[in-house]
Every structure is written in structure tokens, then in C-alpha cells.
Amino acid sequence: MEFLGKIGVDFKLLIAQIINFLVLLWLLKILLYKPILKRLEERAKKAREIEEKEREIQKRKAELQKRIEEMIEKTKEKTKEILQEAKEISAQERAKILERTEKEVREILEKAKERAEIEIAKMKEREKEEINKKTKEVIKEVLSQSFTKQLHQKYLQEVIEDLKHLSFKKLREKEDILLVEITFAFPPSEKIEKEIRNFLFSKLKNPVFKTKVDPDLIAGMKISIEQGLFLIDGSLKERIEKNLYGK
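Residue numbers for the sequence shown follow our numbering, beginning at 12 and rising by one.
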């Protein structure tokens with residue numbers, strides 16, 4: 012102490028400054044260090060939660076993909092069995108096989124809808140579109156070209172029958188030229204195209220016809236008058252979308 016006094020240091024003042032420093036250090040720990048540490052821990056916890064949710068989403072996506080692939084395999088096997096049966100039975104039974112296959116396709120789509128809805132609700136819109144696209148690709152892959160054409164002819168006849176029961180009164184009242192777009196899944200025969208055109212020509216005053224082929228319809232056809240003012244869609248694509256999303 013004498014030494015400190017000799018060099019001009021006030022011992023009491025030094026003690027007071029040390030105490031003040033310790034108090035300041037304690038306050039900093041209470042007021043700053045602990046809150047900052049707590050904030051860092053919260054951020055780390057949040058980051059871990061986000062990572063966990065991301066892993067869960069990826070896991071669910073993988074599970075959904077696996078279920079879709081299993082469904083594809085089962086559908087392929089079932090279709091092969093039915094087509095094999097169709098080869099072995101008489102031609103008179105083919106209509107029954109066709110109806111049964113169509114029913115089973117609807118049931119498969121219904122099951123796919125039920126499974127997909129649970130997962131789709133938790134995923135983004137683009138994932139829903141991917142499933143929609145995947146389902147159409149599955150149907151195209153599973154159904155043979157000849158069988159798809161049989162469905163195509165069946166759906167064409169259904170559309171023609173539906174047209175006969177529709178009212179064209181409001182459209183017939185229009186004096187303007189009406190653009191009638193007829194879209195087929197397969198190139199139509201001259202007979203079918205002529206039959207549809209003649210029927211619509213008898214119902215409309217000034218129709219202008221435009222015919223095109225869109226393989227994306229898979230099977231069947233659709234008719235659009237005045238860019239959707241009147242629309243009848245009898246395609247397999249439309250049936251798939253109705254089964255999947257209730258459109």
C-alpha cells in the first residue's frame with residue numbers, strides 16, 4: 012500500500028474501480044450476454060425445426076412416389092390380365108371386358124385420388140400438377156394403343172348421343188358467325204367428322220368449323236363453340252381430371 016501511495020495510486024480509489032468493473036461485468040452478463048445467448052439458441056432451434064420439416068416433406072414425397080410406382084405396377088399387371096382374358100374369349104364378350112376395364116380404371120383413379128388428396132393438401136401446387144401429369148402418363152402407358160382406340164370410339168359415340176339431347180336454342184339465335192372447334196384424340200374418320208359437322212350445321216345458323224387432333228386428350232373428343240361459350244368435353248383426359256380433383 013505504501014508502494015502504491017509512493018507511485019501516486021489511491022488504493023481506495025483502485026478498490027472502488029475494481030468493484031465498479033465487476034459490477035459492470037455482472038450487469039453486462041445479465042442484460043446482454045444471456046439475452047444474446049438465448050436468442051442464438053432460439054435461432055439454432057428454429058433452424059433445426061426447419062431442417063426437420065424439410066426432411067419430413069422429402070420423406071413424404073418419397074413415400075408418395077413409391078406408392079404411385081406401386082400403383083403403376085399393379086395397374087400394369089391387372090391390365091395385362093384383363094387383356095389376356097380378352098384374347099381368350101369370344102368377340103361377344105369384348106364389350107363386357109371393355110366396360111369392366113373402364114370401371115376398374117375408374118376405381119384405380121378413385122383410389123389414387125383418395126391417396127393423393129391426403130398428400131397433395133400438404134404440398135405445393137406444382138407437386139399437384141406433377142401428380143396430374145404422372146397419372147395421365149400412367150394411363151397412356153398402361154392402356155395399349157388398340158385398347159385406347161376402342162375407348163376412343165366409345166367416347167365419340169357418347170358425345171354424339173349427348174349432342175342429340177342438348178338444347179342449341181340460345182346459340183341458334185345468334186346471327187354472327189360461330190367458331191366451332193372440334194378436337195379429337197385420334198385423327199377422325201371422314202364418316203365421323205362429317206356426321207358431327209352435319210349435326211352441328213343443322214343446329215347452328217352460321218358455324219365455321221375448325222378440326223384438330225390433340226393426343227393429350229388420350230381418347231375421345233371435345234367440342235368448343237365461341238372459345239368455350241359452349242363446351243362439351245368427352246375425353247379421357249377430362250375424366251381423369253374429374254376423378255383426381257373434381258373439376
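Using N, Cα and C, we set each Cβ at its ideal position, and we do this for glycine too.
Coarse secondary structure for residue i, derived from DSSP in three states
i      : result
Leu189 : strand
Asp173 : helix
Asp227 : helix
Pro198 : coil
Ser213 : helix
Ile157 : The sequence given here places Ser at residue 157; Ile does not occur at that position. In this structure, Ser157 counts as helix in the three-state DSSP scheme.
Phe32  : helix
Glu184 : coil
Ala123 : helix
Ile251 : helix
Candidates the options, of which the one nearest residue i by Cα
i      : options                           : result
Gly245 : Lys185, Glu52, Tyr166 and Ala27   : Tyr166
Asp225 : Ile207, Arg208, Glu249 and Leu240 : Glu249
Ile79  : Arg126, Lys160 and Glu204         : Arg126
Arg183 : His176, Leu211, Gln164 and Ile193 : Leu211
Glu110 : Ile129, Thr90 and Ala123          : Thr90
Gln168 : Gln76, Leu189, Glu141 and Pro199  : Pro199
Ser157 : Ala230, Ile236 and Leu215         : Ala230
Ile234 : Ile251, Glu186, Leu177 and Glu252 : Leu177
Leu228 : Arg208, Ile236, Glu206 and Ile251 : Ile251
Gln238 : Leu75, Lys107 and Val191          : Val191
Lys223 : Phe195, Glu204 and Ile203         : Phe195
Glu162 : Lys107, Lys145, Asn209 and Glu52  : The displayed chain sequence assigns Leu, not Glu, to residue 162. Nearest of Lys107, Lys145, Asn209 and Glu52 to Leu162, Cα basis: Lys107.
Glu141 : Ala27, Leu75, Glu60 and Phe241    : Leu75
Ser213 : Asn254, Lys122, Gln28 and Lys175  : Lys175
Glu206 : Phe32, Asp187, Glu172 and Gln28   : Glu172
Asn254 : Gln95, Lys124 and Leu33           : Lys124
Val170 : Leu242, Glu60 and Glu52           : Leu242
Asp259 : Glu60, Lys56, Ile236 and Leu33    : In the structure displayed, the chain extends from 12 to 258; residue 259 sits before or after that span and is not available.
Glu204 : Gln164, Lys122, Glu62 and Leu240  : Gln164
Glu81  : Lys56, Ile119 and Lys57           : Ile119
Ile193 : Lys160, Phe179, Lys180 and Met232 : Met232
Lys160 : Leu247, Leu189, Ile29 and Glu62   : Leu247
Lys180 : Leu189, Leu215 and Phe197         : Leu215
One or two residues paired with residue i in a DSSP bridge
i      : result
Leu242 : Ser235
Val219 : Leu190
Inter-stretch contact (C-beta, 8 angstroms, three-pair minimum) for the stretch 110-121 and the stretch 62-76: no
Stretch-stretch touch, CB-based, cutoff 8 angstroms, three pairs: the stretch 209-220 with the stretch 76-88: no
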